[in-house]
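One structure is given here, and the rest of the page talks about it.
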Amino acid sequence: MAHQAHAYHMVDPSPWPLTGAVGALLLTSGLAVWFHFHSTILLSLGLILLLLTMYQWWRDIIREGTFQGHHTPPVQKGLRFGMILFITSEVFFFLGFFWAFYHSSLAPTPELGGCWPPTGITTLDPFEVPLLNTAVLLASGVTVTWAHHSIMEGEREQAIHSLTLTILLGFYFTFLQAMEYYEAPFTIADGVYGSTFFVATGFHGLHVIIGSTFLAVCLLRQVQYHFTSGHHFGFEAAAWYWHFVDVVWLFLYISIYWWGS
Amino acid sequence: MAGRLLLRACTTTTLQLRSNVVARPLHRAMSTAKGIPTDDEQATGLERRALQALKRGKDPYSILKPKKYAGTKEEPHIVPCTGTKRLVGCLCEEDNTAIVWFWLHEGDAQRCPSCGSHYQLVHNELPH
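If you read the protein sequences in the order shown, they are chains B and D. Residue numbers for the first sequence, in our numbering: 192 to 452. Residue numbers for the second sequence, in our numbering: 1036 to 1163.
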């Protein structure tokens, strides 16, 4: 009985879920140890283990799908559902921080001066760097769509160019936002304004970095001929994630930067 | 180790990128002169076998919804099988919760012991 008669992928046993779990344990306990005992060894160990796990696990998925052909149409469908569910969970993650922001800003307490922005807070002008950031991310949404169509139409050069442009725009956003963080007249310690601002935009920035990394991996794969014009789900997943990051920024911009200023 | 791997990935990528920028003919120019392979050119393994079979109108891996048959003597339910027998579960009527299970053997068509629909085992070779 050499071959299976179904189109699904029965994955071979793998050590990466275990190493990932151990890495997560070391990260979390390492964080606590760092807070209380000023030692970063557990934290560093956890981080290294987690990074190694991610690299090897995803490398194995690429091997199974691209090089061994296990990602038949039904398997791809499953991967699509998985990515959609993951992004949905991230939406709820951000929903929490928006809830916190609106809770504090719609009915500002007397301690804040009964107003929003709170007394003493100089907000950032939404029509300066934040508006540029909005333009940068919207443009990157256009370039990533260009990249997708290039791949579907078999245009290698254009796919590489547009994907590179998308990543560069992502880096530009991160650079601009880092500058803003450095120059901001308020800090995370400045009451609930500072907390909601930096936690929400901070997690968004982290997701921009994650998204840029995902796109960069796709660029590497595209250059190495992994994608075909009909099957390039890794890229589609990265593009979905990137659009999600863009949409979160739009909500951040409208709520915190504009309405909240 | 990871450093060396990253270095190797970067060098391969740069080399491939460079060879594209120097307008040499893309060494992957098969039917797609524009440089991105098609599934027909590059799909491999189970994915390739499944796609090639679907292109020829066959579905050996049961990816598509099964066809509807009348279940009569003239038009029995066709049951593909890689061996000599296969389990059949008959829902005699829609919404029935009691499924009638029976083994379907190769040879003449068999009938469901409850509703009498005809089932015919058909040998199905897996592509390889």
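For each residue, glycine too, the CB sits at the ideal point set by N, CA and C.
Practice prompt. Compare the beta carbon distance of D:R1083 and B:G260 with 9 Å and say whether it is the shorter of the two.
Written response: Mapped onto the second sequence, residue 1083 of chain D falls at position 48. Mapped onto the first sequence, residue 260 of chain B falls at position 69. Result yes, Cβ atoms of D:R1083 and B:G260 sit closer than 9 Å.
Item to complete: Taking B:F228 as part of the alpha helix (DSSP H), name the residues at either end of that continuous run.
Response: On the first sequence, residue 228 of chain B is found 37 positions in, with the first residue counted as 1. That run of the alpha helix (DSSP H) goes W207 to F228.
Worksheet item: In or out: B:A380 buried (at least 16 other Cβ within 10 Å) or exposed?
Response: Along the first sequence, read from residue 1 onward, the residue named residue 380 of chain B stands at position 189. Here B:A380 is exposed. Its C-beta has fewer than 16 other C-beta atoms within 10 Å.
Discussion item. Using only the alpha-carbon positions, how far apart do B:S280 and B:R254 sit?
Written reply: For the purposes of this step, residue 280 of chain B is taken as residue 89 along the first sequence, with counting starting at 1. For the purposes of this step, residue 254 of chain B is taken as residue 63 along the first sequence, with counting starting at 1. Here the alpha carbon of B:S280 sits roughly 27 Å from the alpha carbon of B:R254.
Fill in: Against chain D: residues of the stretch 344-357 of chain B by CB proximity under 9 Å
Legend: CB atoms of the stretch 344-357 of chain B lying less than 9 Å from CB atoms of chain D belong to residues E344, G345, E346, R347, E348, Q349, A350 and I351.
Discussion item. Within 10 Å of its beta-carbon, does B:V266 have 16 or more other beta-carbons around it, so buried, or fewer, so exposed?
Written reply: In the first sequence, residue 266 of chain B corresponds to position 75, counting from 1. Buried is the label assigned to B:V266, since at least 16 other Cβ atoms lie within 10 Å of its Cβ.
Worksheet item: Where do the N-terminal and C-terminal ends of the alpha helix (DSSP H) with B:W431 fall, by residue?
Response: The residue you call residue 431 of chain B lines up with position 240 of the first sequence. From DSSP, the alpha helix (DSSP H) with B:W431 extends over F424 to L443.
Discussion item. Quick check: the Cα distance between D:Q1145 and B:A198, rounded to an integer number of angstroms?
Written reply: To locate residue 1145 of chain D, count along the second sequence from 1; it is residue 110. To locate residue 198 of chain B, count along the first sequence from 1; it is residue 7. Rounded to whole angstroms, D:Q1145 and B:A198 show a C-alpha spacing of 28 Å.
Practice prompt. Reducing DSSP to helix, strand and coil, say where D:H1112 ends up.
Written response: For the purposes of this step, residue 1112 of chain D is identified with residue 77 of the second sequence, where counting begins at 1. Strand, per DSSP.
Discussion item. Going by DSSP, what residue range makes up the beta strand (DSSP E) through B:Y416?
Written reply: The residue given as residue 416 of chain B occupies position 225 in the first sequence. Premise fails: B:Y416 is in no beta strand (DSSP E) and is neither H nor E.
Worksheet item: Looking at chain B, which residues of the stretch 1067-1097 of chain D have a Cβ within less than 9 Å of any of its Cβ atoms?
Response: Taking 9 Å as the Cβ-Cβ cut-off, the stretch 1067-1097 of chain D approaches chain B at T1067, A1068, K1069, G1070, I1071, P1072, T1073, D1074, D1075, E1076, Q1077, A1078, T1079, G1080, L1081, E1082, R1083, R1084, A1085, L1086, L1089, P1095, Y1096 and S1097, given in chain order.
Discussion item. Let me see if you follow: with CB-CB separation under 9 Å, is D:H1158 close to chain B or not?
Written reply: Indexing the second sequence from 1 puts residue 1158 of chain D at position 123. With 9 Å as the cut-off, D:H1158 does not count as an interface residue toward chain B.
Fill in: Sheet register partners of D:L1139 (DSSP bridge)
Your numbering for residue 1139 of chain D matches position 104 in the second sequence. For D:L1139, the pairing in a beta bridge is given by DSSP as D:R1121.
Item to complete: Throw me the rounded Cβ distance for the B:T334 and B:T357 pair, which I believe falls under 8 Å.
Response: To locate residue 334 of chain B, count along the first sequence from 1; it is residue 143. To locate residue 357 of chain B, count along the first sequence from 1; it is residue 166. For B:T334 against B:T357, the beta-carbon gap comes to about 4 Å, under 8 Å, which counts as contact.
Item to complete: Determine, using beta carbons only, whether D:L1126 comes closer than 9 Å to chain B.
Response: Counting from 1 along the second sequence, the entry for residue 1126 of chain D is found at position 91. The beta carbon of D:L1126 does not come within 9 Å of any beta carbon belonging to chain B, so the residue lies off that interface.
Practice prompt. Could you check the C-alpha separation between B:V383 and B:L242 for me, to the nearest Å?
Written response: Locating residue 383 of chain B in the first sequence gives position 192, where the first residue counts as 1. Locating residue 242 of chain B in the first sequence gives position 51, where the first residue counts as 1. When rounded, the distance between both Cα atoms is 33 Å.
Discussion item. So that I know if they touch, is there some Cβ in chain D lying closer than 9 Å to that of B:I167?
Written reply: As shown, chain B starts at 192 and ends at 452. That puts residue 167 of chain B outside it, with no answer to give.
Worksheet item: Taking 9 Å as the CB-CB cut-off, is D:T1117 touching chain B?
Response: Taking the second sequence and counting its residues from 1, one reaches residue 1117 of chain D at position 82. Yes, its Cβ sits closer than 9 Å to a Cβ of chain B.
Worksheet item: Checking contacts by CB at 9 Å: is B:F418 closer than that to chain D?
Response: By 1-based counting over the first sequence, the position of residue 418 of chain B is 227. B:F418 counts as touching chain D.
Fill in: Terminal residues of the alpha helix (DSSP H) in which B:Y199 lies
The count along the first sequence starts at 1 and reaches residue 199 of chain B at position 8. In this chain, B:Y199 is not harboured by any alpha helix (DSSP H), its DSSP state being neither H nor E.
Worksheet item: Nearest to B:T210 by CA position, among B:P321, B:M245, B:A429 and B:G305, is which residue?
Response: Here the question's residue 210 of chain B lines up with position 19 in the first sequence. For the residues B:P321, B:M245, B:A429 and B:G305, the minimum Cα distance to B:T210 belongs to B:M245.
Item to complete: With 9 Å as the threshold, decide whether the Cβ of D:L1139 is near any Cβ in chain B.
Response: Taking the first residue of the second sequence as 1, we reach residue 1139 of chain D at position 104. No, because no Cβ of chain B sits closer than 9 Å to the Cβ of D:L1139.
Worksheet item: Taking the C-alpha atoms as reference points, what is the distance between B:S296 and B:W290?
Response: On the first sequence, residue 296 of chain B is found 105 positions in, with the first residue counted as 1. On the first sequence, residue 290 of chain B is found 99 positions in, with the first residue counted as 1. Using only the alpha carbons, I get a separation of about 10 Å.
Worksheet item: Residues bridged to D:R1083 by DSSP?
Response: Working through the second sequence from its first residue, we reach residue 1083 of chain D at position 48. Answer is none; D:R1083 lacks a bridge partner.
Discussion item. Closest to B:P435 by C-alpha separation, out of B:V408, B:W450 and B:G332, would be which residue?
Written reply: Along the first sequence, one-based indexing puts residue 435 of chain B at 244. Here residue 435 of chain B turns out to be Phe, not Pro, going by the sequence shown. The closest CA to that of B:F435, considering only B:V408, B:W450 and B:G332, is found on B:G332.
Fill in: Three-state secondary structure (DSSP) of D:L1161
The sequence position of residue 1161 of chain D within the second sequence is 126, counting from 1. D:L1161 falls in the coil class under three-state DSSP.
Discussion item. In this structure, how does DSSP classify B:G269 when only helix, strand and coil are distinguished?
Written reply: Along the first sequence, read from residue 1 onward, the residue named residue 269 of chain B stands at position 78. Helix.
Discussion item. What does the alpha-carbon distance come out to for the pair B:C409 and D:P1101?
Written reply: Position 218 of the first sequence, counting from 1, holds the residue named residue 409 of chain B. Position 66 of the second sequence, counting from 1, holds the residue named residue 1101 of chain D. Per the coordinates, the alpha-carbon of B:C409 lies some 36 Å from the alpha-carbon of D:P1101.
Item to complete: Using alpha carbons as the reference points, say which of B:A330, B:A196, B:F442 and B:H422 lies closest to D:T1079.
Response: Walking along the second sequence from the start, residue 1079 of chain D turns up at place 44. The closest CA to that of D:T1079, considering only B:A330, B:A196, B:F442 and B:H422, is found on B:H422.
Fill in: For D:R1091, the three-state DSSP class (helix, strand or coil)
Translated into the one-based positions of the second sequence, residue 1091 of chain D becomes position 56. DSSP places D:R1091 in coil when its eight states are reduced to three.
Worksheet entry | Span separating the alpha-carbon of D:G1092 from that of B:V320 | Counted from its first residue, the second sequence places residue 1092 of chain D at position 57. Counted from its first residue, the first sequence places residue 320 of chain B at position 129. Between D:G1092 and B:V320, the C-alpha separation is close to 56 Å.
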